[in-house]
Amino acid sequence: MRWLLLLLVVCGCKDEPRSQGTPPPPPPSASATTAACVGGGGQVADATSKPFFPRTASDYCLDPHGDEKTYGDHGKLGIDELCTTALDGGCEEYKKFGVTRSVIVHYVANAGAGSVEVFLSRFGGDGAYAIYTTRLTGEIDPTDEHAPRPLAVSGLGALGNGKAYATRGPFFLELTYSNDQETPDQFKKSAETILSALAKRISETLPTEPDVPASSKLLPDAERIPNGVMYFQKDVLGIAGGGAGAIGYYRGARRYRVVAASRDTADQAKDLIHSLRTKPGALPLASLGDEAAHVVLQATPDRPKIEWIVARKGTNVVGVGDEEFAPQDHLSTDEKTAKVRSILK
């Protein structure tokens, strides 16, 4: 019966966004016995990874009988072997975001059957931030009661059911809790305690650079939903060649989204506005920033049409559009225009 209850909690609830590439839950460790940490826990032999992982956290320690797995730069295995020995599908997603190195370690409870798999990956450029936002946002409404909630860490963090995520600098961290001897309530409480502790401890050791992309920094804080940011490394708003950008999810009197794209030059920002203006039915708008457009976009025929008011000021492009998760609860065109004008100030 306990197996059945655990399966219902871990597998049957819609409490996580789609997570292709997420490591499978770790198997119960052979060392997860009474007083497993009596010797102070295991050691990470890999010199590159060792500074990131505390030997103990809460009532857990590095598995004394564990052996970390390293992939990519200075790893024991090539980065392509993530696909065959570590990731439960979705390996191409990691590659798409530019993974350069990954390490897997396990922590075990001093007493009991609890264990945590820690999957820490380094990415080039803004890849770590991009995959973090993809894990949390996109196909699940960030206002959903089952969506991961913010977790206070050094950098950015989120806590779901049996899962935790964090990103700082070039690193993306995923933690998965496992225990086949707990009831659903016990599982939830235990997972929250150890995942929070480990995510905080590990994130403190990670470098601070690169910072959050400039496009994301343009998104207003007011009315933004917790964890409500989706970052695109390219083709923002589905515009081929549109470049990088961020979309924020907001809830005030109405639901809405904000798009932001920061460019190195004004000409690059102009290119994005020009691409929007070439869309069927797009209209130029006067007296809004340096230039602006009214455009209706539809990602696919089975998805709703989204009205956007988008404007450029110097090297920055911002826009306000409808919330796809709440298509009947949207701002008027005038309200969108007013919000864009306020952001551009």
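Quick note: the sequence shown uses the numbering used here, first residue 146, plus one each step. A virtual CB, placed ideally from N, CA and C, is assigned to each residue, including glycine.
Reduced DSSP category for residue i - H, G, I as helix; E, B as strand; rest coil
{"i": "valine 183", "result": "coil"}
{"i": "glycine 257", "result": "coil"}
{"i": "isoleucine 285", "result": "coil"}
{"i": "glycine 318", "result": "Contrary to the premise, residue 318 reads as leucine rather than glycine in this sequence. Leucine 318: strand per DSSP, three-state reduction."}
{"i": "threonine 338", "result": "helix"}
{"i": "alanine 175", "result": "Low local confidence applies: a pLDDT of 42 at alanine 175 is under 50, so the model's placement there is unreliable, and no value is given."}
{"i": "phenylalanine 198", "result": "coil"}
{"i": "histidine 439", "result": "strand"}
{"i": "phenylalanine 268", "result": "strand"}
{"i": "arginine 448", "result": "coil"}
{"i": "proline 425", "result": "coil"}
{"i": "proline 352", "result": "coil"}
{"i": "proline 371", "result": "strand"}
Cα-Cα separation, residue i to residue j
{"i": "phenylalanine 317", "j": "alanine 431", "result": "42 Å"}
{"i": "valine 381", "j": "isoleucine 392", "result": "8 Å"}
{"i": "alanine 181", "j": "glutamate 327", "result": "18 Å"}
{"i": "isoleucine 347", "j": "threonine 482", "result": "43 Å"}
{"i": "aspartate 412", "j": "glycine 387", "result": "13 Å"}
{"i": "alanine 502", "j": "threonine 288", "result": "The structure shown has nothing for residue 502, since the chain only spans 146 to 490."}
{"i": "leucine 140", "j": "aspartate 191", "result": "Since the first residue shown for the chain is 146 and the last is 490, residue 140 is missing from the structure and cannot be characterised."}
Residue burial classification, residue i (beta-carbon count within 10 angstroms, cutoff 16)
{"i": "alanine 398", "result": "exposed"}
{"i": "serine 176", "result": "Here the model assigns serine 176 a pLDDT of 42, short of 50, so the residue's position is not dependable, and the following value carries that caveat. By the 10 Å Cβ count, serine 176 comes out buried."}
{"i": "valine 253", "result": "buried"}
{"i": "valine 154", "result": "Note that valine 154 scores 36 on pLDDT, short of 50, meaning its location in the model is unreliable; the coordinates nonetheless yield the value given after this. Counting Cβ neighbours within 10 Å, valine 154 comes out buried, since at least 16 surround it."}
{"i": "lysine 450", "result": "exposed"}
{"i": "threonine 478", "result": "exposed"}
{"i": "proline 446", "result": "exposed"}
{"i": "proline 429", "result": "exposed"}
{"i": "aspartate 356", "result": "exposed"}
{"i": "glutamate 319", "result": "buried"}
From the options, residue whose alpha carbon lies closest to that of residue i
{"i": "lysine 490", "options": "Asp435, Thr328, Leu442", "result": "Asp435"}
{"i": "proline 358", "options": "Leu351, Pro429, Lys379, Ala427", "result": "Lys379"}
{"i": "tyrosine 205", "options": "Leu442, Ser299, Ser420, Glu262", "result": "Glu262"}
{"i": "glycine 466", "options": "Lys333, Pro472, Trp453, Asp474", "result": "Trp453"}
{"i": "tyrosine 395", "options": "Lys240, Gly257, Glu469", "result": "Glu469"}
{"i": "serine 266", "options": "Leu428, Glu284, Arg313, Lys362", "result": "Arg313"}
{"i": "glycine 186", "options": "Asn306, Arg200, Gln473", "result": "Arg200"}
{"i": "alanine 438", "options": "Ala456, Ala192, Pro425", "result": "Ala456"}
{"i": "arginine 486", "options": "Val374, Pro365, Lys424, Leu442", "result": "Pro365"}
{"i": "leucine 207", "options": "Pro352, Asp330, Ala405, Ile339", "result": "Ile339"}
{"i": "phenylalanine 198", "options": "Val404, Lys308, Lys345, Val463", "result": "Lys345"}
{"i": "threonine 256", "options": "Ser335, Leu320, Gly300", "result": "In the sequence under discussion, the amino acid at residue 256 is alanine, which differs from the threonine named in the question. When each option's Cα is compared against that of alanine 256, the closest is Ser335."}
Contact test: residue i Cβ vs the ligand SAH heavy atom, cutoff 7 Å
{"i": "serine 323", "result": "Summarising the ligand content, the structure contains no ligands, and the ligand SAH is consequently not present."}
**Study point:** Ranges of the beta strand (DSSP E) found wholly within the region 215-257, counting only runs of at least 3
**Key:** 244-254
Practice item. Identify every run of the beta strand (DSSP E) within the region 389-415, keeping only runs that are complete inside it and at least 3 residues long; order them along the chain. Key: 390-396, 400-407
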